[in-house]
Structure formats: C-alpha cells, structure tokens
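A.B. asks: Sharing a structure, written as structure tokens. Questions coming.
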Amino acid sequence: MMPVKEPKKSMISIIVPIHNSSHMLNSCLSALKNLKDKNHEIVLVDDGSTDNSLTICREFNFNVLALQHNKGQAVARNKGVEQSKGDIIAFIDSDVIVPTNWLEKYRELLFTHIDTDMICSGYGWSVEDALPAKFAFHECAYRRQNLPLYITSSISSNCVIYRDAFEDIGGFPEYYLNDNRDNTNTKAVAINEDAELGFLLARNGRKIIWSNNNPVGHYFRKSWREYLNQQFGFSRYAMLSVFKFPKMLFNEDIYSQEKMIPQILIISTMLLATSGLFFGTIGIIATIALEIGGLLFFYYYLYDFLRFLKSNHNNYVFHQIFFFIIVTRFIWFGGVVIGINDGFSMLRNNYFLKAVVKLKSRYIKTRRK
-12 MMPVKEPKKS
-2 MISIIVPIHN
8 SSHMLNSCLS
18 ALKNLKDKNH
28 EIVLVDDGST
38 DNSLTICREF
48 NFNVLALQHN
58 KGQAVARNKG
68 VEQSKGDIIA
78 FIDSDVIVPT
88 NWLEKYRELL
98 FTHIDTDMIC
108 SGYGWSVEDA
118 LPAKFAFHEC
128 AYRRQNLPLY
138 ITSSISSNCV
148 IYRDAFEDIG
158 GFPEYYLNDN
168 RDNTNTKAVA
178 INEDAELGFL
188 LARNGRKIIW
198 SNNNPVGHYF
208 RKSWREYLNQ
218 QFGFSRYAML
228 SVFKFPKMLF
238 NEDIYSQEKM
248 IPQILIISTM
258 LLATSGLFFG
268 TIGIIATIAL
278 EIGGLLFFYY
288 YLYDFLRFLK
298 SNHNNYVFHQ
308 IFFFIIVTRF
318 IWFGGVVIGI
328 NDGFSMLRNN
338 YFLKAVVKLK
348 SRYIKTRRK
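So the sequence shown is numbered by my numbering: it starts at -12 and just counts up by one.
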C-alpha cells in the first residue's frame, strides 16, 4: 500500500552534497538559513573536500556529515538521505541559491500534482555575470523552455522527491569502472547520476514532473575553459550511463531539445573528411567541401538557438558564438569517444572478467571430480 501523501504537512529534508565549494558555499547556506518554511531539516554532506568547505559547513546550525574520501555526488546524496528523517527529500547543489519561498512553492506544486513522485525545476538566473556564465544559463533556458509536463529523466540541482519513491529504486545508482576491487577510496561514476535516477523512476512506473515555476540561482562556470571541461564531463559520463543502462540511449531527458545523433554524424564526417588532405588536389577539394557543408549544417541546425541567444543578450555576436558552439560540439564528441572507451573498460572489468573467473572455477571443479 502506497503511503498517504501530505505535501503541506510533511517534513522536508534538504540534502546538499559539497566538494571544494568554499568560494560559493556561504551564499548557498545563507539562502537556506533564510527559508520561510521552517518544517524542514538540512543535511550537508562534505564529500572529502580538501579546501575549507567543511569548516564553513560547521559554522551553520545544520546537520553535517563528513565523508573521508571524495566518493562523488551519487554516494554523497545517498548518505545524506540515510541521515535524514523527512518524508519528502529536496536536493540542491552547493552552487545554487534558493529563494526564501522555495519550499512553499514545492509544497504547492506537490499538492497540485498529487499523483506525482518527483518534481524538478530549473534555473532562474546566473549568479555570475561573466559572459561564459550567461551563455551557459541561456543554453539551459533554451533547452528546457518547451519540456513536457511529465518527463522520464530528472535533475538533482533543484528538485523534490517522496522518500518512498527514492528508496523504491535504491536511491542514486552507485557503481564503479572496476567493481572487482576495493573501491573504498575510489570515486563512484558521477555527473549523470541524476538522469539515471529519473530513468529508474520512470521505469518503475513513478511520475516525474517538470515545472518552470520554482527556479533557483546558479553559479555557472565563469570561464570558457571551465565550461568546456564541464561539457566534456557531461558527454563522457552520459555514455557510461548508456553502458550501465542501455535503454537510456532512447530516453528523452531534460536536454531533449538537443538532438545529438545527427550532430555526432556530422562531426564524424567532418573529422573523417580531413583524411582527404593526404590524397592530392581532389582530396583537398572534397575535404573543403565537406567541412563547409558541415558548418552550414550546424548554422541552420542551430539558427534558432543563435537567435535565442541574441534576443536575450545584446553582447552576443553571431559569428563568435557560432564558432564557440562548434568548438563545444567537438569537445562534446571527444567526451563521447572517451566515454565509449571507459564503457568497454567497465564491461571488461565488471562483467567479462567475472565471467572468466566463474568459468575457470567451474573448470577446476570439474577436473577435480
């Protein structure tokens, strides 16, 4: 029997994973301290920080859990939930600023959509004023502007979920590139664990709702280098998710506005076309033609995105932003390639080698008989 949902009365446990976040942590925790709704608890999980994040956490009157080693967001959030008491779990990241009525809005949304198990919302503003941060903010806004009410993925930077639904699927998936060794000091596979959570919830018949009505502020990356590193990580670990949960390849997530398969095909073609440079004049002409064709494809494919950026920020210049988007796509593609390599390593370490050990064990037993 499903527990009775009482979103307006239930305690909400807010879980915040933290790793080397000292430069933004005071702002995040001060915002939590100013929440109007008092029927909540806050559990801070320091995920093996090497800066003074743990010291800052202990300056606030919140529950603090300190992990000895950096285990990744999935493990940190799961540990936080284990230490919490609320029937409703709220997740934010340490680079998020919540408004004072954040919990009231979620209670109202849960009451309005009483059939749902989880509600996700997005970002309302960029705390950082640098151009890369604003670019990242508008990119998120563009991708999420037309999401359906019911989704089959999730985010963990701004969401609430009923405890029973979270525990029903075992929380955020925790797994390693090599499960056959002692991973006490090893970081679990991370970054895409929120999409994995949503996938598992939907697979178990749980309902997830997307709402633009409860946004938070976010510290987006201040430099292009940081942004590109983040994009590389996203694509790399998205591929690992597919190796762990193959059906996720066909799952529509919160980035469903971004159709990546045709872009991967074009990038692959553009990279392969460079081999024509070694085959004389005709090869060079073919290479140039394919490269120009690829750029034209991206320009028309991304034209609505470029217009969206221009309409939201007068400092954007079409050709400069277009060039940077192309760079991000190749970085993204690089992450996919590394992710595929990691995925095969994970299969080899966690499944193939186990199967070999089992076969050898059976063979030895048979010989002894």
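Ideal placement from N, C-alpha and C gives every residue a C-beta, glycine not left out.
This one's a predicted model, so the numbers in the text were calculated from it and none came from an experiment.
1. Where does the unbroken alpha helix (DSSP H) through A182 begin, and where does it stop?
2. Flag this pair as yes or no: are the beta carbons of L97 and I106 separated by less than 8 Å?
3. Quick check: the Cα distance between A276 and N191, rounded to an integer number of angstroms?
4. As an exercise, report each continuous alpha helix (DSSP H) stretch of at least 4 residues that is fully enclosed by the stretch 144 to 181, in chain order.
5. As an exercise, report each continuous alpha helix (DSSP H) stretch of at least 4 residues that is fully enclosed by the stretch 20 to 80, in chain order.
6. Tell me whether the beta-carbon of N72 lies closer than 8 Å to the beta-carbon of E28.
7. Opposite M105 in the DSSP bridges: which residues?
8. Just to confirm before moving on: does the CB-CB distance between V83 and S144 stay below 8 Å?
9. What is the C-beta distance between N57 and Q70, in whole angstroms, given that I count them as a contact (C-beta under 8 Å)?
10. May I ask which residues mark the beginning and end of the beta strand (DSSP E) holding P4?
11. I need the DSSP call for Y224, collapsed to helix, strand or coil.
12. Thinking C-alpha only, which one of T274, I325, C146, T268 is nearest F219?
13. Would you call the stretch 161 to 174 and the stretch 199 to 206 in contact, with 3 or more CB pairs under 8 Å?
14. Compare the beta carbon distance of I76 and F153 with 8 Å and say whether it is the shorter of the two.
15. Cβ of L215 within 8 Å of Cβ of I318?
16. Within its chain, find whatever has a CB closer than 6 Å to the CB of V323; leave out the 5 residues flanking it on each side and keep chain order.
17. Taking all protein chains shown into account, decide if S40 is buried (16 or more other Cβ within 10 angstroms of its Cβ) or exposed.
18. Please name the residue in M(-2), D74, I79 whose C-alpha comes closest to that of P4.
19. Within the continuous alpha helix (DSSP H) that includes S298, where are the two ends?
20. Please classify H306: does DSSP put it in a helix, a strand, or coil?
21. Go through its chain and collect everything with a Cβ distance to E183's Cβ below 6 Å, but skip five positions before and after it.
22. Using the rule of at least 16 other Cβ atoms within 10 Å of the residue's Cβ for burial, across every protein chain shown, is P233 buried or exposed?
C.D. replies: Let me lay it out:
1. Sequence index remark: in the sequence shown, residue 182 carries index 195 (1-based). Residues 180 to 190.
2. Here residue 97 corresponds to residue number 110 of the sequence shown, with the count starting at 1. Here residue 106 corresponds to residue number 119 of the sequence shown, with the count starting at 1. Yes, the pair counts as a contact, with Cβ atoms nearer than the cut-off.
3. Residue mapping note: residue 276 aligns to position 289 of the sequence shown, counting from 1. Residue mapping note: residue 191 aligns to position 204 of the sequence shown, counting from 1. C-alpha of A276 to C-alpha of N191: approximately 48 Å in a straight line.
4. Listed in chain order, they are 150 to 155.
5. If we require 4 residues or more, the alpha helix (DSSP H) runs fully inside the stretch 20 to 80 come out as 40 to 45, 60 to 69.
6. Numbered from its first residue, the sequence shown carries residue 72 at position 85. Numbered from its first residue, the sequence shown carries residue 28 at position 41. Inspection of the sequence shows that residue 72 is occupied by Lys rather than by Asn. The answer is yes: Cβ separation under 8 Å.
7. Counting from 1 along the sequence shown, the entry for residue 105 is found at position 118. Beta-bridge pairing links M105 to I148, I195.
8. The sequence position of residue 83 within the sequence shown is 96, counting from 1. The sequence position of residue 144 within the sequence shown is 157, counting from 1. Yes, these two residues count as a Cβ contact at 8 Å.
9. As a working mapping, residue 57 is identified with position 70 in the sequence shown. As a working mapping, residue 70 is identified with position 83 in the sequence shown. Distance from N57 to Q70 at the Cβ level is roughly 18 Å; contact not present, criterion being Cβ atoms closer than 8 Å.
10. The sequence position of residue 4 within the sequence shown is 17, counting from 1. Its beta strand (DSSP E) spans residues -1 to 5.
11. In the sequence shown, the residue the question calls residue 224 occupies position 237. Look at Y224 here: in three-state DSSP terms it is helix.
12. Here residue 219 corresponds to residue number 232 of the sequence shown, with the count starting at 1. Residue I325 holds the alpha-carbon nearest to the alpha-carbon of F219 among T274, I325, C146, T268.
13. Counting Cβ pairs under 8 Å, fewer than three are found: no touch.
14. Taking the first residue of the sequence shown as 1, we reach residue 76 at position 89. Taking the first residue of the sequence shown as 1, we reach residue 153 at position 166. Going by C-beta atoms, I76 is nearer than 8 Å to F153.
15. Sequence index remark: in the sequence shown, residue 215 carries index 228 (1-based). Sequence index remark: in the sequence shown, residue 318 carries index 331 (1-based). Their beta carbons are under 8 Å apart, which means L215 touches I318 by this criterion.
16. The residue labelled residue 323 in the question sits at position 336 within the sequence shown. Closer than 6 Å at Cβ, skipping near neighbours: S222, M226.
17. By 1-based counting over the sequence shown, the position of residue 40 is 53. So S40 counts as buried.
18. Indexing the sequence shown from 1 puts residue 4 at position 17. When only C-alpha atoms are compared, the closest one is I79.
19. The residue you call residue 298 lines up with position 311 of the sequence shown. Its alpha helix (DSSP H) spans residues 290 to 299.
20. Taking the sequence shown and counting its residues from 1, the one referred to as residue 306 is at position 319. Three-state result, H306: helix.
21. Residue 183 sits at position 196 when you count from the first residue of the sequence shown. Excluding residues within five positions, the ones whose Cβ falls inside 6 Å are P160, S228.
22. For the purposes of this step, residue 233 is taken as the residue at position 246 of the sequence shown. Burial call: exposed.
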